[in-house]
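Counting with mature numbering (1 follows the signal peptide of the UniProt record, and there is no 0), you get residues -35 to -1, 1 to 318 for the letters of the sequence shown. Note that the Cβ used here is the ideal one computed from N, Cα and C, for glycine as well. This one's a predicted model, so the numbers in the text were calculated from it and none came from an experiment.
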Amino acid sequence: MNSRSLSSPSASRTALKALAAAAAAASLLLTGCVAGEDSDAAADAGAADGGTLTLDFATYNPLSLIIKDQGWLESALADDGVTVEWVQSAGSNKANENLRSGAIDVGSTAGSAALLHRANGSPIKAIDIFSQPEWAALAVGADSDITSVADLKGKSVAATKGTDPYFFLVQALDEAGLSLDDVTVEQLQHADGRSALENGSVDAWAGLDPIMAGAEQNGARLIHRNLDFNTYGILAANESFLEEDPELAQAVVNAYEKARAWAAENPEETAQILAEVAGLDLAVAQTVVLERSNLDVDPAPGEAQRSVLEKIGPTLVETGDVASQDAVDKALDGLFDDSFVKSADPESISDAQ
């Protein structure tokens, strides 16, 4: 990492983060913490002289789990007096909500969710691609007589709106000649969707790994898979953060590229970290990491992601999630920033002491 002093966040951004973090902490007290979430995640944003870097970790983003587990950013930024705070994202929708509110500087989101939020006015940029996963599919219970997407007509489907599984459902229905009007979508967060499927409250679930892999182990069946309906895993950051603290943003991307190499060299350890954080059997975590997560992907955001999201764009308009195609097009034009990946120096991130 560059040895010159890191700039402190602006007073306005720091204050906004503190307020948002306090609100998030209050919400967690009412709803219960997500498993594995740091109890310190909503600490005062101005606690350290060098400011605070707040980023998320998510079970659908194995690289974030590695970075948090290894303590690389804490070690790299300690000399500059920067406090690193971690907040767990239960889904892309939650990551984007926290980005919009200023509760986090950097978050883990699916490409479709990032496009949705930028098209609706959230000033975020994609600064790194953490995976090209097959993380979404349509699942039914072990005893269900549903065997195809066509069988979902008139049925209830749990889905988390604003996430890849939701848009996977939309595309799968369209492919089968159906639409959202042909099903009842139950808006549930991913883990709650699994519970609803297993207790029979819904007929099907638009699932997300690693939760989906855990459901499979309990007997759930995947009735529809399509890698092309899954968008990339995108590391997104607020534009204000990128403008005010580019060196911190660079440190994050450096750590991500170190984590990518570490995961390639240590796949079993990566699965073990996922298993511990997500509360999964190791075999399930291995399925997610070794079979459904493509971490060895070009990390520079750009044309590959754009070509996928151009197909998603009209769907966002048709479902009413975005007001117009013009809003989608403008969002796509401003979404990607590959400068941090192009300047990435993984070797600048030393192993934690």
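Ends of the alpha helix (DSSP H) at A104? Along the sequence shown, read from residue 1 onward, the residue named residue 104 stands at position 139. Where A104 is concerned, there is no enclosing alpha helix (DSSP H), although the beta strand (DSSP E) it sits in stretches over A101 to V105.
Rounded to whole angstroms, what's the CA-CA distance from A(-14) to L18? Just pull it up for me. If you number the sequence shown from 1, residue -14 lands on position 22. If you number the sequence shown from 1, residue 18 lands on position 53. In this prediction, A(-14) scores a pLDDT of 49, lower than 50, which makes its location untrustworthy; no coordinate-derived value is stated.
Just how far apart, CA to CA, sit K307 and V217? Here residue 307 is taken as the residue at index 342 of the sequence shown, counted from 1. Here residue 217 is taken as the residue at index 252 of the sequence shown, counted from 1. Computed Cα separation, rounded: 13 Å.
Is there a Cβ of chain B sitting closer than 9 Å to that of A68, yes or no? In the structure shown, chain B does not exist; there is a single protein chain.
Which same chain residues end up closer than 6 Å to A78 when comparing Cβ atoms and leaving out the 5 residues on each side of it in sequence? Numbered from 1 along the sequence shown, position 113 holds the residue referred to as residue 78. Around A78: S57, N61, G127 and T128.
So, at 7 Å on beta carbons, what are the nonlocal neighbours of Q251 in its own chain, with the 5 sequence-adjacent residues on each side left out? Taking the first residue of the sequence shown as 1, we reach residue 251 at position 286. Once the five neighbours on either side are set aside, the close Cβ partners of Q251 are A236.
Cα-Cα, which of F206, Q154 and S54 is closest to P88? For the purposes of this step, residue 88 is identified with residue 123 of the sequence shown, where counting begins at 1. For P88, the nearest C-alpha among the options comes from F206.
Residue nearest to residue 386 in terms of C-alpha spacing, selected from G267, G119, S144 and A178: Beyond the ends of the chain as shown, which are -35 and 318, falls residue 386; an answer cannot be given.
For Q152, which of A243, E256, Q136 and T125 has the nearest alpha-carbon? Indexing the sequence shown from 1 puts residue 152 at position 187. The shortest C-alpha separation from Q152 is found at T125.
Could you pull the DSSP bridge partners for D93 from this structure? In the sequence shown, residue 93 corresponds to position 128, counting from 1. Answer is L200.
My parser needs the alpha helix (DSSP H) runs of 4 or more residues fully inside the region 163 to 198; what are they? 176 to 182
May I ask you to report which of helix, strand or coil DSSP gives G278? Residue 278 sits at position 313 when you count from the first residue of the sequence shown. Here G278 sits in helix by DSSP.
Following the continuous alpha helix (DSSP H) through L143, name the residue where it begins and the one where it ends. The sequence position of residue 143 within the sequence shown is 178, counting from 1. First-last for L143: undefined, no H or E at that position.
Given 8 Å as the limit, is there contact between the region 95 to 109 and the region 183 to 199, that is, 3 or more CB pairs closer than that? yes
V71 beta carbon less than 9 Å from that of A214: Residue 214 sits at position 249 when you count from the first residue of the sequence shown. Residue 71 sits at position 106 when you count from the first residue of the sequence shown. Against a cut-off of 9 Å, the Cβ pair of V71 and A214 comes out as a contact.
Pair within 9 Å by beta-carbon distance, I69 and L20: Indexing the sequence shown from 1 puts residue 69 at position 104. Indexing the sequence shown from 1 puts residue 20 at position 55. Cβ atoms of I69 and L20: closer than 9 Å.
Check whether the region 170 to 185 touches the region 139 to 146, counting contact only when three or more Cβ pairs, one atom from each stretch, lie closer than 8 Å. no
Just to confirm before moving on: does the CB-CB distance between I31 and L38 stay below 9 Å? The residue labelled residue 31 in the question sits at position 66 within the sequence shown. The residue labelled residue 38 in the question sits at position 73 within the sequence shown. Contact flag unset, no.
For a minimum of 3 consecutive residues, which ranges assigned as the beta strand (DSSP E) are wholly contained in the region 19 to 48? none
Cα separation between S121 and T149? Taking the first residue of the sequence shown as position 1, residue 121 is located at position 156. Taking the first residue of the sequence shown as position 1, residue 149 is located at position 184. Distance between the alpha carbons of S121 and T149: 5 Å.
Using the beta-carbon count (16 or more within 10 Å), is A209 buried or exposed? Numbered from 1 along the sequence shown, position 244 holds the residue referred to as residue 209. Contrary to the premise, residue 209 reads as Glu rather than Ala in this sequence. That one is buried.
Could you tell me the distance, in whole angstroms, from the CA atom of E204 to the CA atom of K90? Here residue 204 refers to the residue found at position 239 of the sequence shown. Here residue 90 refers to the residue found at position 125 of the sequence shown. Roughly 6 Å separates the two Cα atoms.
Taking Cβ to Cβ, would you say S73 is nearer than 9 Å to F22? Within the sequence shown, numbered from 1, the residue matching residue 73 stands at position 108. Within the sequence shown, numbered from 1, the residue matching residue 22 stands at position 57. Yes, Cβ-Cβ distance for S73 and F22 is below 9 Å.
Can you tell me whether G299 is buried or exposed? The criterion is at least 16 other CB atoms within 10 Å of its CB, across all chains shown. Taking the first residue of the sequence shown as 1, we reach residue 299 at position 334. By the neighbour-count rule (16 or more Cβ atoms within 10 Å), G299 is not buried but exposed.
Whether A84 touches A296 by CB criterion (9 Å): Position 119 of the sequence shown, counted from the start, is the residue given in the question as residue 84. Position 331 of the sequence shown, counted from the start, is the residue given in the question as residue 296. Yes, the pair counts as a contact, with Cβ atoms nearer than the cut-off.
Look at the alpha carbon of V114 and the alpha carbon of A123, and state the distance between them as a whole number of angstroms. Taking the sequence shown and counting its residues from 1, one reaches residue 114 at position 149. Taking the sequence shown and counting its residues from 1, one reaches residue 123 at position 158. Cα to Cα, the separation comes out at about 14 Å.
N-terminal and C-terminal residue of the beta strand (DSSP E) that Q152 is part of: Your numbering for residue 152 matches position 187 in the sequence shown. T149 to Q152 is the extent of the beta strand (DSSP E) around Q152.
Quick check on the DSSP output: what are the complete alpha helix (DSSP H) runs of length 4 or more inside the region 227 to 302, in order along the chain? 232 to 243, 247 to 252, 268 to 283 and 290 to 300
Could you give the first and the last residue of the continuous alpha helix (DSSP H) run that contains V306? As a first step, residue 306 is located in the sequence shown; it is residue number 341 there, counting from the start. Its alpha helix (DSSP H) spans residues S304 to K307.
CA-CA distance, N63 and I111? Along the sequence shown, one-based indexing puts residue 63 at 98. Along the sequence shown, one-based indexing puts residue 111 at 146. Going by the C-alpha atoms only, they are around 36 Å apart.
Could you give the residue range of the beta strand (DSSP E) that holds G72? One-based indexing of the sequence shown puts residue 72 at position 107. G72 -> beta strand (DSSP E) spans V71 to A75.
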